[in-house]
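The structure appears right after this line, and notes come after that.
Number of protein chains: 2
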Amino acid sequence: MRLVIAQCSVDYIGRLRAHLPLATRLLMVKADGSVLVHSDGGSYKPLNWMSPPASLRIMTPEEADTELGVTEVWNVQHAKSDDRLVINIHELLHESSHDLGVDPGLVKDGVEADLQRLLAEQIHLAGTGFTLIRREYMTAIGPVDILARDAAGATVAIELKRRGDIDGVEQLTRYLELLNRDPLMAPVRGIFAAQQIKPQARVLALDRGIDCLTLDYDMMRGVDDVESRLF
Amino acid sequence: MRLVIAQCSVDYIGRLRAHLPLATRLLMVKADGSVLVHSDGGSYKPLNWMSPPASLRIMTPEEADTELGVTEVWNVQHAKSDDRLVINIHELLHESSHDLGVDPGLVKDGVEADLQRLLAEQIHLAGTGFTLIRREYMTAIGPVDILARDAAGATVAIELKRRGDIDGVEQLTRYLELLNRDPLMAPVRGIFAAQQIKPQARVLALDRGIDCLTLDYDMMRGVDDVESRLF
DNA sequence: TAATATATCTCGGCA
DNA sequence: TGCCGAGGTATATTA
Chain R
1 MRLVIAQCSV
11 DYIGRLRAHL
21 PLATRLLMVK
31 ADGSVLVHSD
41 GGSYKPLNWM
51 SPPASLRIMT
61 PEEADTELGV
71 TEVWNVQHAK
81 SDDRLVINIH
91 ELLHESSHDL
101 GVDPGLVKDG
111 VEADLQRLLA
121 EQIHLAGTGF
131 TLIRREYMTA
141 IGPVDILARD
151 AAGATVAIEL
161 KRRGDIDGVE
171 QLTRYLELLN
181 RDPLMAPVRG
191 IFAAQQIKPQ
201 ARVLALDRGI
211 DCLTLDYDMM
221 RGVDDVESRL
231 F
Chain Y
1 MRLVIAQCSV
11 DYIGRLRAHL
21 PLATRLLMVK
31 ADGSVLVHSD
41 GGSYKPLNWM
51 SPPASLRIMT
61 PEEADTELGV
71 TEVWNVQHAK
81 SDDRLVINIH
91 ELLHESSHDL
101 GVDPGLVKDG
111 VEADLQRLLA
121 EQIHLAGTGF
131 TLIRREYMTA
141 IGPVDILARD
151 AAGATVAIEL
161 KRRGDIDGVE
171 QLTRYLELLN
181 RDPLMAPVRG
191 IFAAQQIKPQ
201 ARVLALDRGI
211 DCLTLDYDMM
221 RGVDDVESRL
231 F
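Protein sequences appear in the order of chains R and Y.
By UniProt numbering, the letter at position 91 of the first sequence is numbered 91, and the numbering carries on one by one without gaps.
By UniProt numbering, the letter at position 31 of the second sequence is numbered 31, and the numbering carries on one by one without gaps.
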């Protein structure tokens, strides 16, 4: 990885066009040819960047640019598209190079897949007497997160989200419509389950006869830990 | 901005939990207290990070950690939530600090707003004899991108996207449902316009009687340039 | 402040 | 490889 602090202007031409006026910024060149242009604020998103795979060519500026104070031109070309990043460097303030090696990568816990596993194991949280039919029940339009049977023997489709938004209700609605076309399965009712359900999503769900279920991940994980410890 | 290359392990605890095993990485500390952990690959997204506003406290490790080789513990605490990033530093390989100043920021061209302006100007692309009623036509549930009148005098609602996904079709469906409740406006038909329309979205749109329109931004901008040059 | 739509989204999974 | 869904989505706009 190469780190450069420089006074520069940046232009991106590709899926859109974007321009950064002259200022002092961090330029990060990664081993895969990707380049990130960061300012000293904002979030983790760079001001401008080039995704890998890409190649960096450092060129001498044309005469007109030299007169404007440009000392180097970095041409970062994406390997598989016409996307291009052009960095006009006016002054190099710092430069260093480092060998980082390959990263072992991130281990996550608490994403939708974990929620799904826990709810499948603790399906009684969806309702008393519920039994699991299966997770990731495939249909023509995609997988239903959890398919279960309620105490009365009726089929229930459960859509899981970390954050319950209107999109999720639409998604579950499409599944229910499809499942209810199958006479062997109908009637199928729906449960929209999430750690947090937005008011609008709740209104839409109830309007469509879909039950809402708020999940407490920490509690569910706690139960999971206790159960794991028993075996 | 402070740049550190270090052998470290990282833990994030907040909306979820995430762990990075020991490896050499770049740590970027920005002026607003945000911290980015980057490896020498991937794209612009850091392996792990803390969003601003945040504060960094550097602490001496506990004895047990010292024995494992930890020399410094960075505790990055978000200012407005319980999100926390803990970086256990084993070896500092490089360190430098830089004053970047405030960035003037990015200028963009070619986002949805530009597409919308161009299609409004070239509304004939939606169909022969089309006339523009208005852009951003407000309804109770949000603005319809473009409202137009077709050759026969019927109202047409156009939803614009750069990438036509299923969400956009749902959005347009909601608008059409609402607009068609108004007897003065009904019947209103829909056109789903995008630079690229995903197959699933196309199927759903056609199933709901919504026409699809693929837009060529470069061509539209080219026409725009030519027209601009005439005046 | 809260909700909504966009993104050069990125990233992972699966056909 | 392309499509599809999730994201600690982040970010800008607007009511």
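Don't be surprised by glycine CBs; every beta carbon is placed ideally from N, CA and C.
Closer than 7 Å to chain Y by CB, residue i
{"i": "R/I133", "result": "no"}
{"i": "R/A31", "result": "yes"}
{"i": "R/M219", "result": "no"}
{"i": "R/I13", "result": "no"}
{"i": "R/G168", "result": "no"}
{"i": "R/V223", "result": "no"}
{"i": "R/Y44", "result": "yes"}
{"i": "R/H98", "result": "yes"}
{"i": "R/G101", "result": "yes"}
{"i": "R/L16", "result": "yes"}
{"i": "R/A23", "result": "yes"}
{"i": "R/L36", "result": "yes"}
{"i": "R/G127", "result": "no"}
{"i": "R/P104", "result": "yes"}
{"i": "R/M1", "result": "yes"}
CB contact check: residue i to chain R, cutoff 7 Å
{"i": "Y/R84", "result": "no"}
{"i": "Y/S9", "result": "no"}
{"i": "Y/C212", "result": "no"}
{"i": "Y/M138", "result": "no"}
{"i": "Y/I5", "result": "yes"}
{"i": "Y/K108", "result": "yes"}
{"i": "Y/D40", "result": "yes"}
{"i": "Y/L20", "result": "yes"}
{"i": "Y/R49", "result": "Inspection of the sequence shows that residue 49 of chain Y is occupied by Trp rather than by Arg. Closer than 7 Å: yes."}
{"i": "Y/T173", "result": "no"}
Where residue i falls: helix, strand or coil (DSSP)
{"i": "Y/T71", "result": "coil"}
{"i": "R/I133", "result": "strand"}
{"i": "residue 254 of chain R", "result": "For chain R, the structure presents residues 1 to 231; residue 254 of chain R sits outside this window and is missing."}
{"i": "R/A79", "result": "coil"}
{"i": "R/T173", "result": "helix"}
{"i": "R/L147", "result": "strand"}
{"i": "Y/V85", "result": "Reading the sequence as shown, one finds Leu at residue 85 of chain Y and not Val. Y/L85: strand per DSSP, three-state reduction."}
{"i": "R/L36", "result": "strand"}
{"i": "Y/T66", "result": "helix"}
{"i": "R/G164", "result": "strand"}
{"i": "Y/R221", "result": "helix"}
{"i": "R/I210", "result": "coil"}
{"i": "R/I158", "result": "strand"}
{"i": "Y/L118", "result": "helix"}
{"i": "R/L179", "result": "helix"}
{"i": "Y/I141", "result": "coil"}
{"i": "R/A194", "result": "strand"}
{"i": "Y/L106", "result": "coil"}
{"i": "R/L184", "result": "coil"}
{"i": "R/L215", "result": "coil"}
N-terminal and C-terminal residue of the beta strand (DSSP E) that residue i is part of
{"i": "Y/T24", "result": "17–29"}
{"i": "Y/M50", "result": "48–50"}
{"i": "R/S55", "result": "54–59"}
Under 7 Å between C-beta atoms of residue i and residue j
{"i": "Y/R174", "j": "Y/E112", "result": "no"}
{"i": "R/A31", "j": "Y/D40", "result": "yes"}
{"i": "Y/I191", "j": "Y/D211", "result": "yes"}
{"i": "R/L172", "j": "R/E159", "result": "yes"}
{"i": "R/E95", "j": "R/V4", "result": "yes"}
{"i": "R/V169", "j": "R/L204", "result": "yes"}
{"i": "Y/I166", "j": "Y/R84", "result": "no"}
{"i": "R/V37", "j": "R/V29", "result": "no"}
{"i": "Y/G33", "j": "R/L16", "result": "no"}
{"i": "residue 238 of chain R", "j": "R/G164", "result": "Residue 238 of chain R lies beyond the residue range present for chain R, which begins at 1 and ends at 231; the question has no answer from this structure."}
{"i": "Y/L118", "j": "Y/M220", "result": "yes"}
{"i": "R/A193", "j": "R/L213", "result": "yes"}
{"i": "Y/L20", "j": "Y/L47", "result": "yes"}
{"i": "R/V76", "j": "R/P61", "result": "no"}
Residue i, enclosing alpha helix (DSSP H) - first and last residue
{"i": "R/Q7", "result": "No alpha helix (DSSP H) holds R/Q7; the beta strand (DSSP E) holding it covers 2–13."}
{"i": "R/L100", "result": "That residue, R/L100, is in no alpha helix (DSSP H); it is neither H nor E in DSSP."}
{"i": "Y/R202", "result": "199–207"}
beta-carbon residue i near the ligand SAH non-hydrogen atom, thresh 6 Å
{"i": "R/V4", "result": "With respect to the ligand SAH, the structure offers nothing, as it holds no ligand at all."}
- Task: Answer yes if the stretch 81–90 of chain Y comes into contact with the stretch 100–112 of chain Y, meaning at least three C-beta pairs across the two stretches below 8 Å, and no otherwise.
- Result: no
- Message: Would the stretch 135–150 of chain Y count as touching the stretch 44–61 of chain R if we require 3 or more Cβ pairs under 8 Å?
- Response: no
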